[in-house]
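Asks:
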Ligand code: KIV
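In this note's numbering, the protein residues as written are 14 to 299.
Set out below in structure tokens:
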């Protein structure tokens with residue numbers, strides 16, 4: 014019998030870099046927290062990009078309502094509809110084999126109460142095939158989370174800055190600053206954990222507070238603009254890969270400049286066409 018060392022066993026199970034090719038589940042996410050393993054998450058909005066990230070080993074892909082700004086040309090996430098999320102979530106599921114795909118519940122699809130949340134989350138699970146859903150809000154969304162979890166739908170929660178409330182904030186301010194706001198954030202994080210969420214996104218909160226939340230929860234925290242102590246980190250893929258036009262938030266690190274590269278490719282194609290050098294002989298049929 015081949016001897017398998019504990020380190021090998023660990024790497025077999027690792028969310029990123031693990032050798033198992035079956036689809037990641039929320040049990041794998043819970044086990045990673047127990048091993049104190051950090052993991053990456055990216056957004057995806059179409060099958061082709063999702064397949065690139067899946068083959069790169071990204072274990073969790075979020076079909077975020079950030080598709081509003083990054084994919085559909087809206088000014089914010091607020092106008093995104095259930096039809097749009099369902100259509101693009103199905104594409105991301107089709108483009109992946111291993112990643113856990115999380116579908117975002119858009120603004121207006123769960124705020125009425127648990128029954129509305131269950132109806133829309135069920136649609137994403139049945140129609141699009143997502144393995145989990147995400148919704149915004151701490152204490153205010155706990156009842157929705159509880160019913161979804163009781164009904165068999167894993168929920169990723171989202172506290173700190175919740176972009177669907179942009180009109181109430183009047184922008185995208187850092188959350189949890191000051192004693193009272195910090196205590197509220199801790200209560201929100203605890204409330205979603207108690208309601209049964211399997212993970213919680215912490216958006217735009219001071220690093221020290223995010224570290225405290227991470228230490229105090231048994232579910233993983235997924236940071237975005239929340240410092241380095243979270244269990245996982247998420248970025249909007251178009252920001253991470255340099256596709257976004259104009260400024261990106263300060264917390265973003267850009268790992269490529271795809272916008273520049275794609276623009277260069279389009280210009281080179283156009284110059285070949287107008288100059289008559291494309292198509293060449295090898296691109297033609299006789
Ligand atoms: O919609 C989204 O992309 C998100 C992430 C930024 C967490 O909610």
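By construction, the Cβ of each residue, glycine as well, lies at the ideal position given by its N, Cα and C atoms.
In angstroms, rounded to a whole number, what distance separates the CA positions of residue 200 and residue 174?
Replies: Along the chain shown, read from residue 1 onward, the residue named residue 200 stands at position 187. Along the chain shown, read from residue 1 onward, the residue named residue 174 stands at position 161. If I take the Cα positions, the gap works out to 15 Å.
Asks: Looking at residue 75 and the ligand KIV, is the gap between the Cβ and the nearest heavy atom below 7 Å?
Replies: Residue mapping note: residue 75 aligns to position 62 of the chain shown, counting from 1. It does: the Cβ of residue 75 is within 7 Å (strictly closer) of some heavy atom of the ligand KIV.
Asks: On the CB-based measure, 16 or more other CB atoms within 10 Å of its CB, does residue 115 come out buried or exposed?
Replies: As a first step, residue 115 is located in the chain shown; it is residue number 102 there, counting from the start. By the neighbour-count rule (16 or more Cβ atoms within 10 Å), residue 115 is buried.
Asks: Rounded to whole angstroms, what's the CA-CA distance from residue 283 to residue 38? Just pull it up for me.
Replies: One-based indexing of the chain shown puts residue 283 at position 270. One-based indexing of the chain shown puts residue 38 at position 25. Just so you know, the alpha carbons of residue 283 and residue 38 end up roughly 45 Å apart.
Asks: Assuming contact is defined by CB atoms lying nearer than 8 Å, are residue 219 and residue 190 in contact in what I supplied?
Replies: Counting from 1 along the chain shown, the entry for residue 219 is found at position 206. Counting from 1 along the chain shown, the entry for residue 190 is found at position 177. Their beta carbons are under 8 Å apart, which means residue 219 touches residue 190 by this criterion.
Asks: Please report how far the alpha carbon of residue 214 lies from the alpha carbon of residue 295, in whole angstroms.
Replies: The residue labelled residue 214 in the question sits at position 201 within the chain shown. The residue labelled residue 295 in the question sits at position 282 within the chain shown. If I take the Cα positions, the gap works out to 51 Å.
Asks: Is it the case that the Cβ atoms of residue 185 and residue 148 are separated by a distance below 8 Å?
Replies: Taking the chain shown and counting its residues from 1, the one referred to as residue 185 is at position 172. Taking the chain shown and counting its residues from 1, the one referred to as residue 148 is at position 135. In this structure, residue 148 does not lie closer than 8 Å to residue 185 by Cβ.
Asks: Does DSSP put residue 156 in a helix, in a strand, or in coil?
Replies: Within the chain shown, the letter at position 143 stands for residue 156. If DSSP states are grouped into helix, strand and coil, residue 156 belongs with the helices.
Asks: Which residue marks the beginning of the beta strand (DSSP E) containing residue 117, and which one marks its end?
Replies: In the chain shown, the residue the question calls residue 117 occupies position 104. That run of the beta strand (DSSP E) goes 113-117.
Asks: Residue 50: buried (16+ other C-beta within 10 angstroms of its C-beta) or exposed?
Replies: As a first step, residue 50 is located in the chain shown; it is residue number 37 there, counting from the start. Classification for residue 50: buried.
Asks: For the region 102-109 and the region 50-63, state whether three or more C-beta atom pairs, one from each stretch, are separated by less than 8 Å.
Replies: Segments in contact, yes.
Asks: If I'm right that residue 250 touches residue 56 with Cβ under 8 Å, what's the distance once you round it to whole angstroms?
Replies: The sequence position of residue 250 within the chain shown is 237, counting from 1. The sequence position of residue 56 within the chain shown is 43, counting from 1. About 5 Å separates the two Cβ atoms, so the contact holds.
Asks: Evaluate residue 128 with the Cβ neighbour count: other Cβ atoms within 10 Å of its Cβ, from every protein chain shown; 16 or more gives buried, anything less gives exposed.
Replies: What you label residue 128 is simply residue 115 of the chain shown in a count that begins at 1. Residue 128 is classed as exposed because its beta carbon has fewer than 16 other beta carbons within 10 Å across all chains shown.
Asks: Is residue 78 a contact residue of the ligand KIV, with contact defined as CB to any heavy atom under 7 Å?
Replies: Mapped onto the chain shown, residue 78 falls at position 65. Because some heavy atom of the ligand KIV lies under 7 Å away, the Cβ of residue 78 counts as near it: yes.
Asks: Please name the residue, chosen from 228, 118, 112, 126, that lies closest to residue 30 on a Cα-to-Cα basis.
Replies: Within the chain shown, residue 30 is the residue found at index 17, counting from 1. Among 228, 118, 112, 126, the Cα nearest to that of residue 30 belongs to 112.
Asks: Residue ranges of each alpha helix (DSSP H) run of no fewer than 4 residues wholly in the region 84-143, ordered along the chain?
Replies: Contiguous alpha helix (DSSP H) elements confined to the region 84-143 occur at 95-107, 127-136, taking only those with 4 or more residues.
Asks: For a test of the three-state rule: what should DSSP assign to residue 14, helix, strand or coil?
Replies: What you label residue 14 is simply residue 1 of the chain shown in a count that begins at 1. Unreliable positioning characterises residue 14 in this predicted model, as indicated by a pLDDT of 48, which lies under 50. The coordinate reading is nonetheless provided below. In the three-state scheme derived from DSSP, where H, G and I count as helix and E and B as strand, residue 14 is classed as coil.
Asks: Is the closest heavy atom of the ligand KIV to the C-beta of residue 231 under 7 Å?
Replies: Locating residue 231 in the chain shown gives position 218, where the first residue counts as 1. For the ligand KIV, not one heavy atom lies less than 7 Å from the Cβ of residue 231.
Asks: Using CA atoms only, rank isn't needed, just tell me which of 145, 195, 70, 157 is closest to residue 124.
Replies: The residue labelled residue 124 in the question sits at position 111 within the chain shown. Of the listed residues, the one whose Cα sits closest to residue 124 is 157.
Asks: Check the DSSP bridge columns for residue 61 and list the partner residues they point to.
Replies: Residue mapping note: residue 61 aligns to position 48 of the chain shown, counting from 1. The secondary-structure analysis by DSSP pairs residue 61 with nothing; it has no beta-bridge partner.
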